[in-house]
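First residue of the sequence shown? That's 1 in full-length UniProt numbering, and the numbers climb one at a time after it. In what follows, a single structure is set out as structure tokens and then discussed.
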Amino acid sequence: MAPHWSKLAPNKNSAVIASQAALLYWFCATFRWLPGIRARIHRKRVLVSDPKDGAKRSAKDRMQFSKSIRKILAILIPSLCSREAIYVVCVALLLVARSTCDLWMIRNGTLIERVIISQQPDEFRKHLLEYIVAMPIVSVVNGLLRLTINRLKLAFRIRLTRHLHETYMDSNTFYKLCNIDSRIQNPDQILTQDVDKLCNGIVDLYSNVTKPVMDIFIYMIRLTTNLGGRAPFLLTMYMMFAGSVLTRLRRPIGSLTTIEQQLEGSFRFLHSRLISNSEEVGFYQGNQTEKKNLNFALDDLSRHITDHMNFKFIIGVGDSIIAKYISTVVGYLAVSQPFLRANNPKVGTTPPERLEHYYKNGRMMVNLAQAIGRLVLAGRELAKLTGFTSRISEFMYVLQEVRRGTYLRGSSGDSNASLVSPTVHGNGRLIVSEDRIIKFEGVKLVTPTGDVLIESLDLEIRAGTNVLICGPNGCGKSSLFRVLGELWPVASGTLVKPRSEDLFYIPQRPYMTLGTLRDQMARLLYHQPAFAILDECTSAVSCDVEDEIYSYCRNVGITLFTVSHRRSLWKHHEFYLHMDGRGGYRFEKITSDTVPFVMNCARIVPHHVFLRSMSSSVPTTKMFINGQFLDSKTKDWIDVHNPATNEVVTRVPKSTHDEMEAAVKVAKDAFRDWSRASILSRQQIMFKFQQLIKEHMKDLAHLITLEQGKTLPDAEGDVLRGLQVVEHCCSITNLQLGETMPGIAKDMDIHSYRVPLGVCAGITPFNFPAMIPLWMYPMAIVCGNTFVIKPSERDPGAGMLLLELLQKSGCPDGVVNCIHGAHASVDFICDHPDIRAISFVGSDQAGQYIYERGSKNGKRVQSNMGAKNHGVICADANKEQTLNQLVGAAFGAAGQRCMALSTAVFVGESRGWIPDLVERAKALKVNGGTEPGTDIGPVISPEAKKRICDLVESGKKQGANLILDGRDVSVSGKYSSGNFVGPTILTGVKPEMTCYKEEIFGPVLVVLEVEKLDDAIELINSNPYGNGTAIFTTNGATARKFTQEIDVGQIGVNVPIPVPLPMFSFTGSRGSFRGDMNFYGKAGIQFYTQLKTVTQMWRASDASDKKAATAFPTLK
């Protein structure tokens, strides 16, 4: 039988062995946990303090704590007569009273015990009655002490919180702390929880230190008198030793407390953010992500609290041993010495006297030891208090910094924290005026992170001038109001604004202490301020309610600043401020010619097309490959300028060889499926595409005007003529019909049909950035081809937006792709073996080069090139209509049309109309393309302007008469740096002059005079170009003779620009075109397809004429 453990040792020893085993296990566990806990504590302390030398850091921390606590105490107790000071004195007096009560209770208890032992019933009753009478008094003292301590805590909290509120809520410091400076992450937690815990800690430390100190002082005097100084001295020395040991052991508690509060604040912030954004999180189904974030924060907090608890457990064991039990042992040793010495008269001579002295002095000695222990343990509260003091002191310091205008991005302890740009600090002037005026003079709009939204804003708004503000997200609309409301400093320049009470702001999600949007609008109408800022706040109400609100505000004299894109609000505003999101803005009067900016403001630069660079404020244009808008990896970029201002609006990449290869490869891969797609499915995409173009016509026009310069009406015409080609593509089911002839021979049929080529490519010019691309890839892809397009590097924006619309129409990825560049991309297209056909529109030199190089590589090429289009004016023509049409055709689009009527040939007596022609040309308005009433915008570049001026000068030198000179036209204001050339007319021009032989491509009309129609016909036929021509006459025979004998591809009779509609083809000829098949129409279908002919024979004798068998098969 196995022995029992009880037989191996007596029961008395079993408990001892078990206790020793448990103690040994605890020591092992402690030493196993301690290194890991210390390592984690060290890592966390590094987060809140610099990891420098320990001794230096400790000394520095102690000095900092001492300085911080003195500063906080000066706030908590502002004067000796303050309420807080009175509470402090009351606590001290009550602590003295409580110590006195404790001494009396010791004395009374000793007397009761002595008379019980001495068997003195009368004395027992007397002392017991005294005890009963004293109980209420002692209870009242203890209750008053607790009440006074709690009131002192509350008084401290009120005092400190109000002090912090004074700074926190002063001059929008609270806003700047949360939005500009980022050192304090959770000010709400500091102002609520941390302040409360700090005040409680200070009062608890005060009461826990004051009472033991008083007890030690009283007991030491009494014990020294009764027993001598040896025992109190021994306890005092032990107190100093124990205090130094425990203080060193508790050093990490302050850092642990600080970190715990930070983690608590972060966890609380995540929950607050979830509550604030619950609708968005729910809409985007972000609950799982938010749950992960919450659990991560909870795990961090729980790990830290676990480490903190483990550390406190280890330190707590040491505290109990050192401060409680060892101090009690020391007390026993000290109190026993007088009694263990023989013949000591101070403790009596008889046993009863010695017993009385022992109870009396022994209890005082034990209480003294416990008081010393409590004083030592108070260091634990002091260590914890250090963490809260650090948090509050840092908060106070940051508040003062922010109040002075010094901001940091990053935590205060972060070595990577960066000082916010000095421009954000406010180097400008702010003037508060009584004149009811808002004036920005050279004010720079800068975000807290230093991003410049608008370099220099100059505008003046007086009371009664209602302004509508629009623009894309992030363009600076709300930033403008933040500066105006003094939330952000004036970075530079001068801002004149009304008093704060004259401004009323209602955001989209209105802030208000109580009530709803209706209440806030009621406050607006009640107070009737001079200016009201309505930031999309009425977007959720109906149009009729909105109209009532705005009408009433205007009637009572409130000047409105409205952030909205709703056109219904135009009638309530006189001006609009449009910010384009790239540092530019327009402040103009709203007129009947104002272009709607509902879509323009949000989409003037499509978010897929342009991407703001990290190193520059200039956006960059993306490529479009395999259905994705991609950033180029190239290092070579081309700046795109606004011709009206010469400001850079975007940068176009020179696509790398690999990127161009990728575009062709995906087009080739996509061709396999796309060419097999049903013709009806391709037709449906064209239906959707033309609808989207109609919806975004004004967006496209704005992009054209921005990058190319033509007027907005002309830009819309650019889009319209391209749209007509897309609409014509919708009839592909008729355009791509084949041919058949049955029974061409016995049992034989022939049919032919058109099939796509494969990958096609297009190279487009700058003068029609929407129309020319729409001549090309819609025709190509509806026939089943795939396409790679290279838009002009001078104005790619409209073309890129068209690709975005095509993608939204349902066009599969890879069917149309876009690359960018200059010469290298052109050579790539001409040489790549997988590209089967090239469409080009542009200059003579480039067109001839592309035709020759592409043809040598076995590709189909259609190349529309230069032109010199003549308008023949007969004397019998309708003078008014002819001159008006001639001026429009010659100078429209600044003459940058391949079909511009750049040469006027006056026949016979019609030369007398030239002076009237000049007067009409002089009346044309030259200005920026977005300006209402503009007739002529800028030419594309300074180089183009110089070339135009040089050709005009050459004509003048060669003998022509410069009767109207537009070379020095002046456009003031923001367009003073634009590439403007005014209407220019040269008369007396001869065919041998350079200005006649070369295409000027500007707003220049050269005038020739002939005697007869035959001379005009000979002149035109002798010119190498054959793009277009026109005759103005009312004589049918004259018109018929002209159309029959003229050798030009496109002829207009009383039509100055005879560009055919898409059901026909663009038929330029001779030196204006290279290739066999023209653009769009039937010729376009033929160019993008090839014929496939099938000859098939099915012999009649092979036809099965047997009827179905119903019997069971049998052998025959």
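Where a beta carbon is used, it is the ideal one built from N, C-alpha and C, also for glycine.
Alpha helix (DSSP H) segment containing residue i, residue limits
{"i": "residue 1117", "result": "Any property of residue 1117 remains undetermined from this structure, which presents the chain solely from 1 to 1116."}
{"i": "C818", "result": "Element bounds for C818: not the alpha helix (DSSP H) but the beta strand (DSSP E), V816 to C818."}
{"i": "N864", "result": "No alpha helix (DSSP H) contains N864, which is instead part of the beta strand (DSSP E) from R860 to N864."}
{"i": "L445", "result": "Counting along the chain, L445 falls outside any alpha helix (DSSP H), though it belongs to the beta strand (DSSP E) covering I437 to V446."}
{"i": "C995", "result": "T994 to K997"}
{"i": "P713", "result": "L712 to C729"}
{"i": "G1036", "result": "G1036 to E1045"}
{"i": "N961", "result": "Careful: N961 lies outside any alpha helix (DSSP H), inside the beta strand (DSSP E) at N961 to L964."}
{"i": "G1052", "result": "Counting along the chain, G1052 falls outside any alpha helix (DSSP H), though it belongs to the beta strand (DSSP E) covering I1051 to V1053."}
{"i": "M686", "result": "I679 to E695"}
{"i": "M105", "result": "R83 to S118"}
{"i": "I137", "result": "P121 to Y168"}
Host beta strand (DSSP E) of residue i (start-end)
{"i": "S839", "result": "I835 to V841"}
{"i": "V1094", "result": "T1089 to M1097"}
{"i": "Q185", "result": "Counting along the chain, Q185 falls outside any beta strand (DSSP E), and DSSP gives it neither H nor E."}
{"i": "M660", "result": "Element bounds for M660: not the beta strand (DSSP E) but the alpha helix (DSSP H), H657 to W674."}
{"i": "Q628", "result": "Q628 to L630"}
{"i": "M741", "result": "E739 to A745"}
{"i": "S456", "result": "V452 to R462"}
{"i": "S752", "result": "M748 to P756"}
{"i": "E536", "result": "Where E536 is concerned, there is no enclosing beta strand (DSSP E), given that its DSSP letter is neither H nor E."}
C-beta contact flag for residue i and residue j at 8 Å
{"i": "A667", "j": "V759", "result": "yes"}
{"i": "P529", "j": "L503", "result": "yes"}
{"i": "S839", "j": "Q862", "result": "yes"}
{"i": "V141", "j": "L94", "result": "yes"}
{"i": "T733", "j": "Q691", "result": "no"}
{"i": "Y777", "j": "V816", "result": "yes"}
{"i": "I1085", "j": "L735", "result": "yes"}
{"i": "residue 1157", "j": "M865", "result": "This structure does not reach residue 1157, given that the chain is present from 1 up to 1116, and the question cannot be answered."}
{"i": "P653", "j": "S632", "result": "yes"}
{"i": "L468", "j": "T562", "result": "yes"}
{"i": "G810", "j": "D669", "result": "no"}
{"i": "M779", "j": "Y1080", "result": "yes"}
{"i": "P1056", "j": "A1039", "result": "no"}
{"i": "A877", "j": "K710", "result": "no"}
{"i": "G797", "j": "T934", "result": "no"}
Whole-number beta carbon distance between residue j and residue i, since they are thought to touch under 8 Å
{"i": "E536", "j": "S564", "result": "6 Å"}
{"i": "G471", "j": "G583", "result": "So it is not a contact: roughly 11 Å between Cβ atoms."}
{"i": "P765", "j": "V841", "result": "5 Å"}
{"i": "C553", "j": "A522", "result": "The pair is not a contact, with the Cβ atoms about 12 Å apart (cut-off 8 Å)."}
{"i": "V88", "j": "L152", "result": "7 Å"}
{"i": "G929", "j": "L712", "result": "6 Å"}
{"i": "R436", "j": "R462", "result": "7 Å"}
Below-8 Å beta-carbon distance, residue i vs any chain D residue
{"i": "K698", "result": "Absent here is chain D; the protein component of the structure consists of one chain."}
**Message:** Whether or not the region 881 to 899 and the region 777 to 787 are in contact is what I'm after, with contact meaning three or more pairs of Cβ atoms, one per stretch, closer than 8 Å; do they touch?
**Reply:** Not touching, per the Cβ criterion.
**Request:** May I ask you to verify whether the region 840 to 860 touches the region 1002 to 1013, counting CB pairs closer than 8 Å and requiring at least 3?
**Result:** no
**Asked** So, do the region 429 to 442 and the region 490 to 505 have three or more beta carbon pairs nearer to each other than 8 Å?
**Response** yes
**Prompt:** Does the count of Cβ pairs from the region 188 to 199 and the region 77 to 85 closer than 8 Å reach three?
**Reply:** Too few Cβ pairs lie closer than 8 Å, so no.
**Request:** Write down every uninterrupted run of the alpha helix (DSSP H) in the region 764 to 800 whose length is 4 residues or greater and which is fully enclosed by it, in chain order.
**Result:** 771 to 782
**Prompt:** Does the region 1034 to 1051 come close enough to the region 1066 to 1082 that 3 or more CB-CB pairs lie under 8 Å?
**Reply:** At 8 Å Cβ cutoff, the stretches touch.
**Request:** Indicate whether the contact test is met: 3 or more Cβ pairs, each with one atom in the region 796 to 805 and one in the region 765 to 774, closer than 8 Å.
**Result:** In short, these stretches touch, since the Cβ pair count reaches three.
**Asked** Can you find at least 3 beta carbon pairs, one from the region 735 to 754 and one from the region 1086 to 1100, that sit closer than 8 Å?
**Response** yes
**Asked** Counting pairs of Cβ atoms below 8 Å between the region 954 to 974 and the region 1031 to 1043, do you hit three or more?
**Response** no
**Asked** If we count Cβ pairs, one from each stretch, closer than 8 Å, do we get three or more for the region 115 to 123 versus the region 149 to 169?
**Response** The region 115 to 123 vs the region 149 to 169: no contact.
**Message:** Contact between the region 146 to 161 and the region 197 to 211 is defined here as three or more beta-carbon pairs at a separation below 8 Å; is this criterion met?
**Reply:** yes
**Asked** For the 8 Å Cβ check, are there 3 or more pairs between the region 963 to 972 and the region 980 to 988?
**Response** yes
**Message:** Would you call the region 868 to 875 in contact with the region 788 to 796, where contact means no fewer than 3 C-beta pairs closer than 8 Å?
**Reply:** No, because fewer than three Cβ pairs between the region 868 to 875 and the region 788 to 796 fall closer than 8 Å, the two stretches do not touch.
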